[in-house]
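Trainee:
Residue numbers (the UniProt record's numbering): 1 to 188.
This is the structure we're talking about:
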């Protein structure tokens, strides 16, 4: 039985680094899809790849969120083709409605139904960590905004029926070991 593990958390919590570390250990990982989508949308909407909040430049934020949801659904389905017993995801379906909540966007069953039907076996959240948080050209939120997004993410996963497991701050190796211990798949 394949274990689907989604790794979530607000901006700047170390998700991408953790997923890259897991991938270097040989685990199949599905990467965050919004980065490439955001760059593509910026170019299409403005003709440049300037950095700003994606909702500030897309003409139709609802359609943009549908594309994100559909991309994550494709990732979920793609895992069926893998023979590996454990698969990791950098963000999952409930992240979409969490961000829509954060940006005060309305949504309907088109968004909520897949979040409840396409189930991960475990949701792991990386909490805000001020010591490693940095704003940059892709991470525009202040630390306070990142904390608010974190709250929306936890609420979204819980409302979708998940028990949310938090990883403690630590080195990348410590967090990776903690995660593998948590899922019972430690490879020494």
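Every residue, glycine too, gets a C-beta built ideally from N, C-alpha and C.
Since we're looking at a predicted model, the values are computed, not measured.
Taking residue 182 as the reference, which of 167, 173, 146, 171 has the closest Cα?
Mentor: 167
Trainee: Measure the alpha-carbon distance for residue 48 versus residue 128 and round it to whole angstroms.
Mentor: No answer about residue 48 holds up, because its pLDDT of 47 lies below 50 and its placement is not dependable.
Trainee: Can you give me the Cβ contacts of residue 34 inside the same chain, cut-off strictly under 7 Å, excluding the 5 residues immediately before and after it?
Mentor: 68
Trainee: Along the chain, where does the beta strand (DSSP E) containing residue 109 start, and where does it finish?
Mentor: No beta strand (DSSP E) holds residue 109; the alpha helix (DSSP H) holding it covers 109 to 117.
Trainee: Mapping the DSSP letters down to three states, classify residue 143 as helix, strand or coil.
Mentor: DSSP places residue 143 in helix when its eight states are reduced to three.
Trainee: Taking only runs of the beta strand (DSSP E) that begin and end inside the stretch 60 to 131, which ones reach a length of at least 3 residues, in chain order?
Mentor: Taking only runs of at least 3 residues, the beta strand (DSSP E) segments lying wholly in the stretch 60 to 131 are 86 to 90, 122 to 125.
Trainee: Please go through the same chain and pick out, in chain order, the residues whose beta-carbon is closer than 6 Å to the beta-carbon of residue 31, but skip the five residues on each side of it.
Mentor: Around residue 31: 90.
Trainee: Under 8 Å by Cβ, that's how I've got residue 4 and residue 109 pegged, so tell me the actual separation to the nearest angstrom.
Mentor: Contact doesn't hold; Cβ gap of about 22 Å is too wide.
Trainee: Would you kindly report the start and end of the unbroken alpha helix (DSSP H) that includes residue 183?
Mentor: 172 to 183
Trainee: Is the stretch 114 to 122 touching the stretch 158 to 176 in the sense that three or more CB pairs, one from each, lie closer than 8 Å?
Mentor: A contact is defined here as three or more CB-CB pairs under 8 Å, and the stretch 158 to 176 meets this definition with respect to the stretch 114 to 122.
Trainee: Closest by CA to residue 101, which one among 126, 113, 152, 60?
Mentor: 152
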